[in-house]
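Novice: One structure follows; several queries about it will come next.
Number of protein chains: 2
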Amino acid sequence: MIKKIDPGHRLLLGPGPSEVNPAVLNVMKLPLVGHLDPYFIQIMDEVKKMTREVFKTDNELTSVISGTGSAGMETCFVNLLEPGDQALVCVNGAFGNRMCDIVERCGADLIRIDAPWGKPIAPEDVSHALQNCSPKVVAIVHAETSTGVLQPIDKISKIVHDAGALFIVDAVTSLGGAELCVDAWEIDACYSGTQKCISAPPGLSPITFSPAASEVITSRKTKVQSWYLDMSLIQKYWSGAKRAYHHTAPISMIYAIHEALRLVLKEGLEQRINRHFSNHLVLKQGLEALGFEFLVEAPYQLPMLNAVKIPTGLDDATIRTRLLNEYNIEIGKGLGEFAGKIWRIGLMGEGSHLDRVKILLSALTELIG
Amino acid sequence: MIKKIDPGHRLLLGPGPSEVNPAVLNVMKLPLVGHLDPYFIQIMDEVKKMTREVFKTDNELTSVISGTGSAGMETCFVNLLEPGDQALVCVNGAFGNRMCDIVERCGADLIRIDAPWGKPIAPEDVSHALQNCSPKVVAIVHAETSTGVLQPIDKISKIVHDAGALFIVDAVTSLGGAELCVDAWEIDACYSGTQKCISAPPGLSPITFSPAASEVITSRKTKVQSWYLDMSLIQKYWSGAKRAYHHTAPISMIYAIHEALRLVLKEGLEQRINRHFSNHLVLKQGLEALGFEFLVEAPYQLPMLNAVKIPTGLDDATIRTRLLNEYNIEIGKGLGEFAGKIWRIGLMGEGSHLDRVKILLSALTELIG
């Protein structure tokens, strides 16, 4: 007989999932209501309202996808692209690569701009690329979770719109932990995840589309290749007076994001972003004192995901395993070309607190100091 | 300020979500572990093992999709079909129609067999259709949630395999509540949901592929059109010694299905199926005594979803609203051509108990008796 789950208490200081507030865990144990229950419709409306607030947008087409952040990524591309369309993707890490993979699966024509992993994309590289093509969409990652790079968005947004393209931004790791202004930065499609700075369990993807993007979806010539992620169908369930059944909404997860967004707004978005930044500075000072070097230059360092080079002589797996087994602390390993070369230390949402910083620094000091 | 969630206690006697056992709700409030944590890998292995047991299969390629039952449906078609392939879909309700929609979005050539809504598909109709085509897959719904029809599977399976096709079966509503034997019935691809007779919250789709289906996936010429639902990528995370990151697994929902499957197996699959059948008989007797007529003929009635015609003179919405507001009971409305004409009364998983049957029958007696 398989035993009941007993996960213990990990300190989640990796690239996500992050620690979840007990208040959020507690709403998930509430009894379920039906997915067309008037009470649930109210909860969905409140989730939409709060999602708009954290994205800083008035976009009507704002919703939550019943899948993780990667499903949100796929939702943007499959809804905005039709076979033969051109898409320009900016790549400086694993998630830019994932975008390229999805663009190709859409039967679209992919053009990519590559920057070295660990560096931001330069606006002039986007300008330059746009002199030789006229893509329907340009996509970029705001917070590259694989490298710890914070990508400045506003300049590139202007360049993209001057070229007449729609601008897709991946905000999986940044939402709720770094400044993100969907309307002010004129982002046309933006998606996130729940398991990073929003601090709900993984499983949903908040998403928003500008009126221009919405219009592109409405005037498609072909059906969206994914039935499950078809925004025109999802929208009929998430808004309007008459809610049309699409798929059965993940009730308990919607409870969770409702409570998590409530806590984000209760703390205040600005305060939360400041908290992420100030705890990042303390961690950074401590890590540098221990001899760690950051992968990314200071102005582009993510506050919620600290990518540091593993000092020579330290074995990646050994230290991470000891942190997990002896201290119950999870940190993230490197991905792709940084496998074995960097660690990714997350201070996300509920995990971005001074006590967590201190616990991690003491553990690292004991292990390698 | 938006208030904290307080859903009260609904008696969920519709087409799902069904009532969730408090033990399942309680594991969702457990702290999260990382999606590559050795403890979580163990949980995933246990979920796979239990999923095989409830599906009655030894299929190696068995997993859980991070989306609802409809995502499971899409997973089957996008992984098994390539553009230009031929698919035969048996349609006798809303979910057969959904399959057709997805097949077309795959760029496949759709052939459909239609039976009247409320009737099963006749094996001879499948034989007849297969004389004029050679599809790569034939798909059918085992428990048509829109009409309450239980579809006999084994005869059709033989016909499908004699024609050299793969056999896809939708078991969203039947798994855990009616007999389903993936291996004995030679089903090649089968998916379900968590929010019906498994009685976990909605959000996941247990799925399994036979070795033959698995081979078809491995030898595809084109990439699966959905990155999120690509089984070759999902499998690298769900099995093998080295787990490759695909998307972040929905940790808390995996906890929930783990506990729900544990409870299914603790009760015993046979006992659980018998319980669904015997409570269905009691409900049926009670409903017939109140003057209700079943939509479906006795041998094809689903034990977990009772579709009854709304007696002349009763207003659909009025009674359902009164049941919800005055008795806290949810039952399901009709879909498609049966909108306003039938009710769908679910006795699924934790909801299939004599006390629930009695509460519903008393409420109905008071309202219309």
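Top line first, the protein sequences correspond to chains E and B.
Counting from 1, one number per residue, gives the positions in the first sequence under my numbering.
Counting from 1001, one number per residue, gives the positions in the second sequence under my numbering.
Think of the CB as a built atom: it goes at the ideal place given N, C-alpha and C, for glycine as much as any other residue.
Bear in mind that the values here come from a model prediction, so they are computed numbers and not experimental data.
1. Can you tell me whether DSSP reads Phe1294 of chain B as helix, strand or coil?
2. Which same chain residues, not among the five before or five after Arg1275 of chain B, have their C-beta less than 7 Å away from its C-beta?
3. According to DSSP, Leu1088 of chain B sits in a beta bridge with which residue or residues?
4. Taking the CB atoms as reference points, tell me whether Met1050 of chain B and Leu1261 of chain B lie closer together than 7 Å.
5. In the DSSP assignment, find the alpha helix (DSSP H) that holds Lys48 of chain E and state where it starts and stops.
6. Taking only heavy atoms of the ligand SAH into account, decide whether any of them is closer than 6 Å to the Cβ of Arg322 of chain E.
7. What does DSSP give as the partner residue(s) for Ala307 of chain E in the beta ladder?
8. Can you tell me the Cα-Cα spacing of Gly1346 of chain B and Pro22 of chain E, whole angstroms?
9. For Pro135 of chain E, does the count of other Cβ atoms within 10 angstroms reach 16, so buried, or fall short, so exposed?
10. Please tell me whether Ser146 of chain E and Gly349 of chain E are closer than 7 Å, where the distance is taken between their beta carbons.
11. My guess is that Phe1277 of chain B and Pro1303 of chain B are in contact by the Cβ rule of under 8 Å, so how many angstroms apart are they, rounded?
12. Does Glu1060 of chain B come out as helix, strand or coil in the three-state DSSP assignment?
13. In the region 2-18 of chain E, which residues sit with their C-beta less than 7 Å from some C-beta in chain B, listed in chain order?
14. In this structure, does DSSP put Ala370 of chain E in helix, strand or coil?
15. Is it the case that the Cβ atoms of Val169 of chain E and Cys197 of chain E are separated by a distance below 7 Å?
16. When the cut-off is 7 Å and only beta carbons count, does Leu1233 of chain B lie next to chain E?
17. By the 10 Å Cβ neighbour count, where 16 or more other Cβ atoms means buried, how is Pro1299 of chain B classified, buried or exposed?
18. Going straight from the alpha carbon of Glu1326 of chain B to that of Leu1314 of chain B, what length do you get?
19. Determine the DSSP secondary structure at Pro299 of chain E, reduced to helix, strand or coil.
20. List, in order along the chain, the chain E residues whose C-beta lies closer than 9 Å to that of Leu1025 of chain B?
21. Report buried or exposed for Glu1074 of chain B, applying the criterion of at least 16 other Cβ atoms within 10 angstroms of its Cβ.
22. Hey, out of B:Ile1251, B:Leu1233, B:Gly1093 and B:Pro1250, whose CA is closest to Arg1243 of chain B's CA?
23. Can you tell me where the alpha helix (DSSP H) holding Leu1011 of chain B begins and where it ends?
24. If distances are taken between C-alpha atoms only, which option among E:Val20, E:Ile2, E:Val78 and E:Ile5 comes closest to Pro202 of chain E?
25. What does Asp101 of chain E reach in chain B if we use C-beta pairs closer than 9 Å?
26. To which residues of the same chain is Cys133 of chain E closer than 8 Å at the C-beta, ignoring the five residues directly before and after it?
27. Can you find the residues in the same chain that come closer than 6 Å, C-beta to C-beta, to Leu1061 of chain B, ignoring five residues on each side of it along the sequence?
28. Ends of the beta strand (DSSP E) at Phe209 of chain E?
29. In terms of alpha-carbon separation, which member of B:Ser1157, B:Cys1100 and B:Met1099 lies closest to Val1126 of chain B?
30. I'd like to confirm the pairing. Which residues does DSSP put opposite Leu166 of chain E in its beta bridges?
31. Roughly how far, in whole angstroms, is the beta-carbon of Leu1080 of chain B from the beta-carbon of Leu1166 of chain B, given that I think they are within contact range, below 8 Å?
32. Go to Lys333 of chain E, then tell me how far its beta strand (DSSP E) extends in each direction, as first and last residue.
33. If you measure between the beta carbons of Glu1330 of chain B and Arg1098 of chain B, is that distance less than 7 Å?
34. Can you name, in chain order, every residue of its own chain whose Cβ lies under 8 Å from the Cβ of Ala1129 of chain B, other than the five neighbours on each side?
35. Taking a contact to mean a Cβ-Cβ separation below 7 Å, would you say Lys1056 of chain B touches Val1182 of chain B in this structure?
36. Would you mind stating whether Leu1367 of chain B and Arg1322 of chain B have Cβ atoms separated by less than 7 Å?
Specialist: For this structure:
1. Counting from one through the second sequence, the residue named residue 1294 of chain B turns up at place 294. Strand, per DSSP.
2. One-based indexing of the second sequence puts residue 1275 of chain B at position 275. These residues qualify, in order along the chain: Ser1352.
3. Mapped onto the second sequence, residue 1088 of chain B falls at position 88. DSSP output for Leu1088 of chain B lists B:Ile1111 and B:Val1138 as bridge partner(s).
4. Mapped onto the second sequence, residue 1050 of chain B falls at position 50. Mapped onto the second sequence, residue 1261 of chain B falls at position 261. In contact: Met1050 of chain B and Leu1261 of chain B (Cβ atoms closer than 7 Å).
5. What you label residue 48 of chain E is simply residue 48 of the first sequence in a count that begins at 1. Start and end: Pro38 to Phe55.
6. The ligand SAH is not part of this structure, which contains no ligands at all.
7. The residue you call residue 307 of chain E lines up with position 307 of the first sequence. Ala307 of chain E pairs with E:Arg344.
8. As a working note, residue 1346 of chain B is residue 346 in the second sequence. As a working note, residue 22 of chain E is residue 22 in the first sequence. Spanning the two alpha carbons is a distance of roughly 33 Å.
9. One-based indexing of the first sequence puts residue 135 of chain E at position 135. Counting every other CB atom within 10 Å of its CB across the protein chains shown gives Pro135 of chain E a total of 16 or more, marking it as buried.
10. The count along the first sequence starts at 1 and reaches residue 146 of chain E at position 146. The count along the first sequence starts at 1 and reaches residue 349 of chain E at position 349. Taking 7 Å as the cut-off, the Cβ atoms of Ser146 of chain E and Gly349 of chain E do not count as close.
11. Start at 1 with the first residue of the second sequence, and residue 1277 of chain B comes out as number 277. Start at 1 with the first residue of the second sequence, and residue 1303 of chain B comes out as number 303. Their Cβ separation, rounded to whole angstroms, is 5 Å, which keeps Phe1277 of chain B and Pro1303 of chain B in contact under 8 Å.
12. One-based indexing of the second sequence puts residue 1060 of chain B at position 60. Coil.
13. The region 2-18 of chain E vs chain B, Cβ under 7 Å: Ile2, Lys4, Ile5, Pro7, His9, Arg10, Leu12, Gly14, Gly16 and Pro17.
14. The requested residue 370 of chain E is not part of the displayed model; chain E covers only 1 to 369.
15. The residue you call residue 169 of chain E lines up with position 169 of the first sequence. The residue you call residue 197 of chain E lines up with position 197 of the first sequence. In this structure, Cys197 of chain E does not lie closer than 7 Å to Val169 of chain E by Cβ.
16. Residue 1233 of chain B sits at position 233 when you count from the first residue of the second sequence. Output row for Leu1233 of chain B: interface = no.
17. Walking along the second sequence from the start, residue 1299 of chain B turns up at place 299. Answer is exposed; the Cβ neighbour count stays below 16.
18. For the purposes of this step, residue 1326 of chain B is taken as the residue at position 326 of the second sequence. For the purposes of this step, residue 1314 of chain B is taken as the residue at position 314 of the second sequence. Each residue's Cα considered, the two are about 17 Å apart.
19. Within the first sequence, numbered from 1, the residue matching residue 299 of chain E stands at position 299. Residue state, collapsed to three classes: helix.
20. The count along the second sequence starts at 1 and reaches residue 1025 of chain B at position 25. Near Leu1025 of chain B (Cβ distances below 9 Å), the residues of chain E are Met28, Lys29, Leu30, Pro31, Leu32 and Ser252.
21. Taking the first residue of the second sequence as position 1, residue 1074 of chain B is located at position 74. So Glu1074 of chain B ends up on the buried side.
22. Locating residue 1243 of chain B in the second sequence gives position 243, where the first residue counts as 1. The candidate whose alpha carbon is nearest that of Arg1243 of chain B is B:Leu1233.
23. Here residue 1011 of chain B corresponds to residue number 11 of the second sequence, with the count starting at 1. Residue range Leu1011 to Leu1013 is occupied by the beta strand (DSSP E) that includes Leu1011 of chain B, with no alpha helix (DSSP H) assigned at that position.
24. Position 202 of the first sequence, counted from the start, is the residue given in the question as residue 202 of chain E. Answer by Cα proximity: E:Val20.
25. For the purposes of this step, residue 101 of chain E is identified with residue 101 of the first sequence, where counting begins at 1. Within 9 Å Cβ-Cβ: Lys1223 and Trp1227.
26. For this step, residue 133 of chain E is matched to residue 133 along the first sequence. Only residues of its own chain outside the window of five on either side were considered, and among them Gln86, Leu88 and Ile111 have a CB closer than 8 Å to the CB of Cys133 of chain E, listed in chain order.
27. Numbered from 1 along the second sequence, position 61 holds the residue referred to as residue 1061 of chain B. Result list for Leu1061 of chain B: Phe1209 and Ser1214, in chain order.
28. For the purposes of this step, residue 209 of chain E is taken as residue 209 along the first sequence, with counting starting at 1. First-last of the beta strand (DSSP E) with Phe209 of chain E: Ser205 to Phe209.
29. Here residue 1126 of chain B corresponds to residue number 126 of the second sequence, with the count starting at 1. Nearest option by C-alpha distance: B:Ser1157.
30. Your numbering for residue 166 of chain E matches position 166 in the first sequence. DSSP, once it has assigned bridges, lists E:Val137 as partnering Leu166 of chain E.
31. Taking the first residue of the second sequence as 1, we reach residue 1080 of chain B at position 80. Taking the first residue of the second sequence as 1, we reach residue 1166 of chain B at position 166. So it is a contact: roughly 6 Å between Cβ atoms.
32. Here the question's residue 333 of chain E lines up with position 333 in the first sequence. Its beta strand (DSSP E) spans residues Ile329 to Lys333.
33. By one-based count along the second sequence, residue 1330 of chain B stands at place 330. By one-based count along the second sequence, residue 1098 of chain B stands at place 98. Cβ atoms of Glu1330 of chain B and Arg1098 of chain B: not closer than 7 Å.
34. Sequence index remark: in the second sequence, residue 1129 of chain B carries index 129 (1-based). Excluding residues within five positions, the ones whose Cβ falls inside 8 Å are Leu1088, Ile1111 and Ile1113.
35. Taking the second sequence and counting its residues from 1, the one referred to as residue 1056 of chain B is at position 56. Taking the second sequence and counting its residues from 1, the one referred to as residue 1182 of chain B is at position 182. For Lys1056 of chain B and Val1182 of chain B, yes; Cβs fall inside 7 Å.
36. As a working note, residue 1367 of chain B is residue 367 in the second sequence. As a working note, residue 1322 of chain B is residue 322 in the second sequence. Yes, they are a contact pair.
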